[in-house]
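A.B. asks: Residue numbers (the numbering used here): 36 to 149.
#1: Check the C-beta distance from residue 123 over to residue 116 and give it rounded, since I have them as a contact under 8 Å.
#2: Can you tell me whether residue 54 is buried or exposed? The criterion is at least 16 other CB atoms within 10 Å of its CB, across all chains shown.
#3: Going by DSSP, which residues form a beta bridge with residue 49?
#4: Are residue 100 and residue 145 closer than 7 Å when you measure CB to CB?
#5: How close, in whole Å, do the beta carbons of residue 103 and residue 68 come, if the pair is a contact with beta carbons under 8 Å?
#6: Can you tell me whether residue 55 is helix, strand or coil according to DSSP?
#7: Answer yes or no: do residue 52 and residue 81 have a C-beta to C-beta separation smaller than 7 Å?
#8: What do you get for residue 91, buried or exposed, if any count of 16 or more other CB atoms within 10 angstroms of its CB means buried?
#9: Of all the options 59, 121, 44, which has the alpha carbon lying nearest to the alpha carbon of residue 142?
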């Protein structure tokens, strides 16, 4: 089954939450990472992290986008944003400021059907 896996591209996920208890599906993400280590990259950002926290602290800012998502912008990527409407609005603004065109990101709160 592994021979038909792509050798480039993949998924990069930045998952932000208030604290570690708010992170859902972490064990599922761990299983996916173990199965497809070269195709997925998960990065977690907490606003109120525990003392031993080793990943992101604070908010998902332009520096986090540059270092943890696909950058620079390219027509063969898309950023999907999910969260409270204010988070989605800020993320869309940050992506736009970094040079991403509107077709290179999608926010659920901007969907006229949703």
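Where is the CB? At the ideal position from N, CA and C, for every residue including glycine.
As the structure is a prediction and not an experimental result, all values here were calculated from the model.
C.D. replies: In this structure, then:
#1: Translated into positions along the chain shown, residue 123 becomes position 88. Translated into positions along the chain shown, residue 116 becomes position 81. At roughly 5 Å, the Cβ-Cβ gap stays under 8 Å, so residue 123 and residue 116 are in contact.
#2: Here the question's residue 54 lines up with position 19 in the chain shown. Result: exposed.
#3: Taking the chain shown and counting its residues from 1, the one referred to as residue 49 is at position 14. DSSP, once it has assigned bridges, lists 78 as partnering residue 49.
#4: Within the chain shown, numbered from 1, the residue matching residue 100 stands at position 65. Within the chain shown, numbered from 1, the residue matching residue 145 stands at position 110. Contact: no.
#5: In the chain shown, the residue the question calls residue 103 occupies position 68. In the chain shown, the residue the question calls residue 68 occupies position 33. With a contact defined as Cβ atoms closer than 8 Å, residue 103 and residue 68 miss out at about 14 Å.
#6: Taking the chain shown and counting its residues from 1, the one referred to as residue 55 is at position 20. Three-state DSSP puts residue 55 in a helix.
#7: Here residue 52 refers to the residue found at position 17 of the chain shown. Here residue 81 refers to the residue found at position 46 of the chain shown. Contact: yes.
#8: As a position in the chain shown, residue 91 is number 56, starting the count at 1. Burial call: buried.
#9: Here residue 142 is taken as the residue at index 107 of the chain shown, counted from 1. Nearest option by C-alpha distance: 121.
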